[in-house]
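Here this note's numbering is used: the sequence shown runs in plain steps of one and ends on residue 421.
Worksheet: one structure, shown below.
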Amino acid sequence: MYKLLAVILLALLLLTACGSSEPAPAAEPEATVEEAVAAPTEEATVEEEAPTEEAVAEAEEAPAETDSGEALPPIKLGYSSWPGWWPWYIAEKEGLFEKNGVDVELIWFDGYLESMEAFAAGQLDGNTQTLNDTISFAADAVNGEVVVVVNDNSAGNDKIIVTEEIQTIDDLVGKKVALEEGVVDDFLLTLALEDAGLSREDIEIVNLETGAAAAAFATGSVDGVGAFPPFWLTALERENSHELLSSEAFPGAIPDLLVVSQTLIDERPDDVQALVNTWFDILAFIEENPERADELLAERAGVSLEEFELFREGTRMFTLDENLEAFGEGDSMVNMPYAAVEMTDFMVSVGFIPAGPDLSTIFNDSFVKAYATSAQE
Numbered sequence: 045m046y047k048l049l050a051v052i053l054l055a056l057l058l059l060t061a062c063g064s065s066e067p068a069p070a071a072e073p074e075a076t077v078e079e080a081v082a083a084p085t086e087e088a089t090v091e092e093e094a095p096t097e098e099a100v101a102e103a104e105e106a107p108a109e110t111d112s113g114e115a116l117p118p119i120k121l122g123y124s125s126w127p128g129w130w131p132w133y134i135a136e137k138e139g140l141f142e143k144n145g146v147d148v149e150l151i152w153f154d155g156y157l158e159s160m161e162a163f164a165a166g167q168l169d170g171n172t173q174t175l176n177d178t179i180s181f182a183a184d185a186v187n188g189e190v191v192v193v194v195n196d197n198s199a200g201n202d203k204i205i206v207t208e209e210i211q212t213i214d215d216l217v218g219k220k221v222a223l224e225e226g227v228v229d230d231f232l233l234t235l236a237l238e239d240a241g242l243s244r245e246d247i248e249i250v251n252l253e254t255g256a257a258a259a260a261f262a263t264g265s266v267d268g269v270g271a272f273p274p275f276w277l278t279a280l281e282r283e284n285s286h287e288l289l290s291s292e293a294f295p296g297a298i299p300d301l302l303v304v305s306q307t308l309i310d311e312r313p314d315d316v317q318a319l320v321n322t323w324f325d326i327l328a329f330i331e332e333n334p335e336r337a338d339e340l341l342a343e344r345a346g347v348s349l350e351e352f353e354l355f356r357e358g359t360r361m362f363t364l365d366e367n368l369e370a371f372g373e374g375d376s377m378v379n380m381p382y383a384a385v386e387m388t389d390f391m392v393s394v395g396f397i398p399a400g401p402d403l404s405t406i407f408n409d410s411f412v413k414a415y416a417t418s419a420q421e
């Protein structure tokens, strides 16, 4: 347990606090663990002098402790290839986790599905994933899954790429489409098929990890592919291939999120708050240091700066106000509680999931609201 001085200092900090690149996606998963900083050891009494600025800084950097005084393990946060999640790499490279006093082991997954499976199995404390995929995994997640911040909305970066002869959704009938079955781009394709009066049974799904799916399409093994950045660049290398549809056609259908376990919220709420605060610090860094941010984002994506520019418009990063709106009640896809009901009904009806989870447990807006309050002070 922190000594009393550290507790007082951290309380003061909370009252005043405001608020991804390595090798290309084919690289082995990375895991960087920040070294723990020793907690203060001097006794403190309520009669002691007010803390100095130096003491406050030391308290901010001190790691969370167990009741026995041992430093807690770093938070294991999974992320994978998506423009709205690459920015977590900025936090790692620019010391933003440390700035917010949270020890994070940021773990890169080459496969998006693999990250969700690890999170649901309790191997991660948090993960970056879409709302529809959170709905799919939440019921069976051993430690629960709770949305605490909206990173962005997919506004065109999820795409279905097809051969030249396929010009309409109807032309997909009987064709082979490669994608990661049961996750985000399968969801997008199913939305489009249902909208056209078709179903997944009208096409042949080839279940492949997204990078492998794009490669299979590029080499002519399949007729279409569902892919997100940077993999649709690979798909478009096939001669005369083109985009049939994208997430731009379904506004609000694919929110991209930071999701943490209910266990983490119960046991380390201050660290969850620090994660949310870090996210908004990342957005501020991107705005204030655009060139450096672009370099890091392209590095994490494993693409050139020129290629990175192709992904910019297809992902709409969410502001604080948009986060508050997204967590709020309403009757449009902008409001996640409403959107979750609509998505669950749809996914059950098309056979994605046998039944929906308890949707009242998968959202927690308290951390975004706390950040908003501190940002106004």
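Yeah, the Cβ is synthetic: ideal placement off N, Cα and C, and Gly gets one too.
Just the Cα atoms here: how many angstroms apart are residue i and residue j?
i      : j      : result
Val90  : Ala419 : A caution first: Val90 carries a pLDDT of 31, below 50, which makes its placement in the model unreliable, though a value can still be read off. Rounded to whole angstroms, Val90 to Ala419 spans 29 Å at the Cα level.
Phe407 : Gly139 : 28 Å
Ile179 : Val228 : 11 Å
Gly270 : Ala115 : 43 Å
Val100 : Gly145 : In this predicted model, Val100 has a pLDDT of only 36, less than 50, meaning its place in the structure is not dependable; the value taken from the coordinates is given anyway. Roughly 11 Å between the two C-alpha positions.
Asp365 : Lys219 : 43 Å
Ala246 : Leu216 : Correcting the residue type first, residue 246 is Asp in the shown sequence and not Ala. Straight-line Cα distance between these residues: approximately 8 Å.
Val316 : Leu168 : 14 Å
Ser159 : Phe181 : 11 Å
Glu161 : Ala260 : 24 Å
Glu369 : Val378 : 7 Å
Gly166 : Gly122 : 12 Å
Asp409 : Ser243 : 35 Å
Ala345 : Thr359 : 14 Å
Leu308 : Val191 : 12 Å
Val194 : Asp389 : 22 Å
Glu332 : Gly400 : 41 Å
Leu302 : Ala164 : 14 Å
Pro398 : Asp184 : 12 Å
Ile249 : Glu224 : 9 Å
Glu373 : Thr254 : 34 Å
Glu421 : Ile330 : 23 Å
Thr322 : Phe141 : 6 Å
Gly296 : Lys143 : 32 Å
Thr405 : Glu208 : 45 Å
Leu252 : Ser348 : 26 Å
Phe371 : Ala256 : 35 Å
Ser124 : Ala258 : 16 Å
Glu292 : Phe153 : 26 Å
Asp214 : Tyr382 : 30 Å
Which whole-angstrom value is the C-beta distance of residue i and residue j, which I expect to be below 8 Å?
i      : j      : result
Val385 : Glu238 : That belief does not hold up - the Cβ atoms of Val385 and Glu238 are roughly 17 Å apart, past 8 Å.
Glu298 : Ser376 : Note that residue 298 is Ile in the sequence shown, not Glu. Incorrect: roughly 15 Å between the Cβ atoms, too far for contact.
Gly170 : Val266 : Between Val266 and Gly170 the Cβ distance is about 34 Å, and since that is not below 8 Å, they are no contact.
Trp126 : Pro273 : 7 Å
His286 : Val206 : 7 Å
Ala262 : Ala279 : 6 Å
Thr361 : Asp196 : Reading off the sequence shown, one finds Met at residue 361, where the question assumed Thr. The Cβ separation is near 5 Å, so the contact holds.
Arg282 : Gly268 : Not quite, the Cβ-Cβ distance comes to about 11 Å (not below 8 Å), so this is no contact.
Gln306 : Gly155 : Not a contact, Cβ separation roughly 25 Å.
Val320 : Phe396 : Not quite, the Cβ-Cβ distance comes to about 29 Å (not below 8 Å), so this is no contact.
Asp310 : Thr172 : Their Cβ separation, rounded to whole angstroms, is 21 Å, which puts Asp310 and Thr172 out of contact at 8 Å.
Trp132 : Leu150 : 6 Å
For the candidate residues the options, whose alpha-carbon lies nearest to that of residue i?
i      : options                           : result
Pro117 : Ser125, Asp147 and Pro127         : Asp147
Asn284 : Phe329, Ala342, Gln211 and Glu332 : Gln211
Arg356 : Glu369, Leu341, Ala258 and Asn367 : Leu341
Glu350 : Leu277, Phe390 and Leu368         : Leu277
Leu289 : Leu319, Leu121, Ile204 and Ala318 : Ile204
Ala392 : Gly200, Glu287 and Asn176         : In the sequence as displayed, the identity of residue 392 is Val instead of Ala. Nearest C-alpha to Val392: Asn176.
Leu403 : Thr417, Met380 and Ala414         : Met380
Ile134 : Glu343, Glu311 and Asn367         : Glu343
Gly200 : Val186, Gly128, Phe153 and Leu150 : Gly128
Ala416 : Tyr382, Ala258 and Asn367         : Asn367
Glu15  : Gln173, Ile326, Leu157 and Ala414 : The displayed coordinates of the chain run from 45 to 421. Any statement about residue 15 would go beyond what the structure contains.
Met387 : Lys120, Glu353 and Phe294         : Phe294
Leu354 : Lys413, Leu157, Phe275 and Ala328 : Phe275
Ala328 : Glu292, Thr363 and Ala318         : Thr363
Asp230 : Val186, Thr174 and Phe324         : Thr174
Lys413 : Tyr382, Ala383 and Phe324         : Phe324
Glu119 : Ala318, Leu157 and Gly226         : Residue identity check: residue 119 is Ile in the sequence provided, not Glu. Cα-wise, what sits closest to Ile119 is Ala318.
Leu157 : Tyr382, Gly226 and Phe352         : Gly226
Looking at residue i and the ligand GDP, is the gap between the Cβ and the nearest heavy atom below 6 Å?
i      : result
Ser198 : This structure lacks the ligand GDP, and indeed carries no ligand of any kind.
Counting only C-beta atoms, is residue i closer than 7 Å to chain D at any point?
i      : result
Leu368 : The chain inventory of the structure shown lacks chain D, comprising one protein chain alone.
field: Within the stretch 215 to 248, ranges of the beta strand (DSSP E) (whole runs, at least 3 residues)
entry: You should have 220 to 223.
task: Please confirm if the stretch 224 to 241 is in contact with the stretch 329 to 345, defined as three or more CB-CB distances below 8 Å between the two stretches.
output: No, they do not touch.
- prompt: Considering only residues of the stretch 241 to 297, which uninterrupted beta strand (DSSP E) runs meet the minimum length of 3 residues and lie entirely inside it, listed in chain order?
  reply: Within the stretch 241 to 297, the beta strand (DSSP E) runs of at least 3 residues that lie entirely inside it are, in chain order, 248 to 251, 268 to 271 and 286 to 290.
- request: With a floor of 3 residues, list each beta strand (DSSP E) that falls wholly inside the stretch 343 to 379, ordered by position along the chain.
  value: Here the runs fully enclosed are 359 to 361.
field: 4 or more residues per run - each alpha helix (DSSP H) lying fully within the stretch 100 to 175
entry: For the stretch 100 to 175, the full-length alpha helix (DSSP H) segments reaching 4 residues or more read 132 to 137, 140 to 143 and 156 to 164 along the chain.
Minimum length 3: unbroken beta strand (DSSP E) runs contained in the stretch 178 to 217: Counting only runs of at least 3 residues, the stretch 178 to 217 fully encloses the following beta strand (DSSP E) elements, listed from N- to C-terminal order: 190 to 198 and 203 to 206.
field: Uninterrupted alpha helix (DSSP H) stretches inside the stretch 376 to 408 (no shorter than 4 residues)
entry: Listed in chain order, they are 380 to 393.
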